[in-house]
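Engineer:
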Amino acid sequence: MNVGLLIDLLLGLILVGLAVQVVLGRQLFRSIVFYVAFGLAMALVWARLGAVDLALADAALGAGLTGALMLAAFRRLIKLDPAQAVTSGSAHTALALLIAVLAAGMVATIGLTAMALESQPGAAGVAVFEALPATGLGNPVTGVLLAWRGFDTLVEMVVLLTAFLGARVVADEGWAPRSTVASFDLPLLRTLVAAIVPLASLIALYLLWIGSDQPGGAFQAGSVLAAAGVLLLLTGQLLPAPTSSAWLRLGLVLGVAGIGLLVLLPMLSGRPPLAWLGRGALLLAESMMMVSIGCTLTLMFAGAPGLKDGTR
Amino acid sequence: MVDLIALLLLLSGCFFIFAGTVGMLRLPDVFCRLHAMTKADNLGLLLICMALAVMDGRLRTTLLLLLIWLLALLASTVSAHLIARHARGQSQ
Chain A
52 MNVGLLIDLL LGLILVGLAV QVVLGRQLFR SIVFYVAFGL AMALVWARLG
102 AVDLALADAA LGAGLTGALM LAAFRRLIKL DPAQAVTSGS AHTALALLIA
152 VLAAGMVATI GLTAMALESQ PGAAGVAVFE ALPATGLGNP VTGVLLAWRG
202 FDTLVEMVVL LTAFLGARVV ADEGWAPRST VASFDLPLLR TLVAAIVPLA
252 SLIALYLLWI GSDQPGGAFQ AGSVLAAAGV LLLLTGQLLP APTSSAWLRL
302 GLVLGVAGIG LLVLLPMLSG RPPLAWLGRG ALLLAESMMM VSIGCTLTLM
352 FAGAPGLKDG TR
Chain B
131 MVDLIALLLL LSGCFFIFAG TVGMLRLPDV FCRLHAMTKA DNLGLLLICM
181 ALAVMDGRLR TTLLLLLIWL LALLASTVSA HLIARHARGQ SQ
């Protein structure tokens, strides 16, 4: 038995073990923590499978931001109903177990079916790699997301915007979350923010820029930006505000506008977007999406319609 | 020779991370656990980063690994500090 197979088996066991802990967790908080760990393990698995784009997205979105959102929701939940913090939730667990078993069965069926299939010469994945050199892009994932399946990406951005609007409707508007850190004047915290926020912005821009040729892109870059936003919110540099500024609203819809133009404009000329608009247009659309993703996720974490500067 | 150095660094890194994990599982209270976890893990991560840098041998990789270690150091320092403050606030 070689070492690679051992690592794969170990990762698989860790993944299933963590998933069982998430589903059967007696306390909600434990389940959330295990879910974050599950996201990180999942990122390792994607990296091991060579899907670095997915690994980045899963580490930033699946583990980082989803975890932060769930913790924020948990904090809100125990504020509304303190009994939830210690509740055993066995009724929920029974339902979760049923859903988990069904989902696992579905994944196993799909996986076994996919493994039984032979690679077809005309399959979409093969076609992508054949057509990729003509686009000038080096990253097939970016090619699929923006050049060939742009409509899917447009719908994804609309889903993100709709999810935010839905969360706004559900959220109690009068409820303003307090920052978790009681005192913002800790020297260490200021150092952390001063070091991490510029670095996160740099990493986001790098991921955006490199996304055409290597793993990266608007979704990964946007989630890194949102992580910086969450840090600013947690340390009180940004505060939730009852109203949103015009700039913020612009930021929220920028992504839909960017990818929408990229997808719809070429229909006027009848030529594929890359042949007509070039790589600059892709980068512009991706930048707009990055800003939107960052704004949306930060606002979701804030649980408020807008943001204001907390330093003044 | 290079492989031997890398192997030694990797093994010692794994030892420190293992020790930190044992400390987190076995020690009695939050403060002891934080102490074991952050100290041992930072050293373990440094040793593993050094092993990877030795194996790769390029300056760019070495600097990137150093940056990763510094970021992990910063994150673990601040989070350990915040957890310790919170724990002290709860115990008083």
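Chains as they are written, first to last, in the numbering used here: chain A, 52 to 363; chain B, 131 to 222.
From the three backbone atoms N, C-alpha and C, an ideal C-beta is built for every residue, glycine too.
If you're wondering where the values come from, they're calculated on a predicted model, not measured in any experiment.
What residues of chain B sit near residue 246 of chain A, judged by a beta carbon separation below 7 Å?
Structural biologist: Result: 204.
Engineer: Is there a Cβ of chain A sitting closer than 8 Å to that of residue 165 of chain B, yes or no?
Structural biologist: False, the Cβ-Cβ gap to chain A never drops below 8 Å.
Engineer: Going by beta-carbon coordinates alone, are residue 278 of chain A and residue 245 of chain A separated by less than 8 Å?
Structural biologist: No. Outside cutoff.
Engineer: Do residue 94 of chain A and residue 110 of chain A have their CB atoms nearer than 8 Å?
Structural biologist: Cβ distance < 8 Å, so residue 94 of chain A and residue 110 of chain A count as in contact.
Engineer: Flag residue 243 of chain A as yes if its beta-carbon sits less than 8 Å from any beta-carbon of chain B, otherwise no.
Structural biologist: So, interface residue.
Engineer: Give the secondary structure of residue 356 of chain A by DSSP, where H, G and I count as helix, E and B as strand, and everything else as coil.
Structural biologist: Three-state DSSP puts residue 356 of chain A in coil, outside helix and strand.
Engineer: Name the DSSP beta bridge partners of residue 292 of chain A, please?
Structural biologist: Note: residue 292 of chain A sits in a beta bridge opposite A/357.
Engineer: Which residues in chain A sit within 7 Å of residue 160 of chain B, going by Cβ to Cβ distance?
Structural biologist: Within 7 Å Cβ-Cβ: nothing; residue 160 of chain B doesn't reach chain A, min ~15 Å.
Engineer: Looking at residue 205 of chain B: is its Cβ nearer than 8 Å to the Cβ of residue 143 of chain B?
Structural biologist: No, these two residues do not count as a Cβ contact at 8 Å.
Engineer: Ignoring anything shorter than 4 residues, give me the alpha helix (DSSP H) runs that lie fully in the segment 241-326 of chain A, in order along the chain.
Structural biologist: Listed in chain order, the complete alpha helix (DSSP H) runs (minimum 4 residues) inside the segment 241-326 of chain A are 269-285, 297-320.
Engineer: Give me the residue from B/220, B/197, B/163 with the minimum Cα distance to residue 179 of chain B.
Structural biologist: Looking at the Cα atoms, B/197 is the closest of the given residues.
Engineer: Thinking residue 194 of chain A and residue 183 of chain A are a contact (beta carbons under 8 Å), I'd like their distance in whole angstroms, please.
Structural biologist: Residue 194 of chain A to residue 183 of chain A, Cβ: 6 Å. Contact.
Engineer: Determine, using beta carbons only, whether residue 4 of chain A and residue 281 of chain A come nearer to each other than 8 Å.
Structural biologist: Here chain A has residues from 52 to 363 only, and residue 4 of chain A is not among them.
Engineer: On the three-state DSSP scale, how would you describe residue 167 of chain A?
Structural biologist: In this structure, residue 167 of chain A counts as helix in the three-state DSSP scheme.
Engineer: Assign residue 231 of chain A to one of three DSSP states: helix, strand, or coil.
Structural biologist: Low confidence applies here, because residue 231 of chain A scores a pLDDT of 48, under 50, leaving its location unreliable and the question unanswered by this model.
Engineer: Is DSSP giving residue 133 of chain B helix, strand or coil here?
Structural biologist: Looking at residue 133 of chain B - three-state DSSP - the assignment turns out to be helix.
Engineer: Mind pulling the chain B residues with CB within less than 9 Å of residue 60 of chain A?
Structural biologist: By Cβ distance, chain B contributes nothing, its closest Cβ being about 19 Å from residue 60 of chain A, past 9 Å.
Engineer: For the alpha helix (DSSP H) holding residue 179 of chain A, just list the boundary residues, first then last.
Structural biologist: 175-186 is the extent of the alpha helix (DSSP H) around residue 179 of chain A.
Engineer: Report, in whole angstroms, the separation of the C-beta atoms of residue 117 of chain A and residue 75 of chain A, which I expect to be a contact under 8 Å.
Structural biologist: At roughly 20 Å, the Cβ-Cβ gap does not stay under 8 Å, so residue 117 of chain A and residue 75 of chain A are not in contact.
Engineer: Residue 211 of chain A: buried (16+ other C-beta within 10 angstroms of its C-beta) or exposed?
Structural biologist: It counts as buried.
Engineer: Taking the alpha-carbon positions, what's the residue 80 of chain A to residue 122 of chain A distance?
Structural biologist: C-alpha separation (whole angstroms): 8 Å.
Engineer: What residue does the alpha helix (DSSP H) around residue 117 of chain A start on, and which one ends it?
Structural biologist: Element bounds for residue 117 of chain A: 117-131.
Engineer: For the putative contact between residue 187 of chain B and residue 170 of chain B, defined by C-beta atoms under 8 Å, what is the C-beta separation to the nearest angstrom?
Structural biologist: Not really, about 27 Å apart at Cβ, beyond 8 Å.
Engineer: Looking at residue 341 of chain A and residue 259 of chain A, is the spacing between their C-beta atoms short of 8 Å?
Structural biologist: Closer than 8 Å, so yes.
Engineer: Per DSSP, what kind of secondary structure is residue 101 of chain A in: helix, strand or coil?
Structural biologist: DSSP places residue 101 of chain A in coil when its eight states are reduced to three.
Engineer: Within 8 Å of any Cβ in chain B, is that where the Cβ of residue 240 of chain A sits?
Structural biologist: Closer than 8 Å to some Cβ of chain B, the Cβ of residue 240 of chain A qualifies, so yes.
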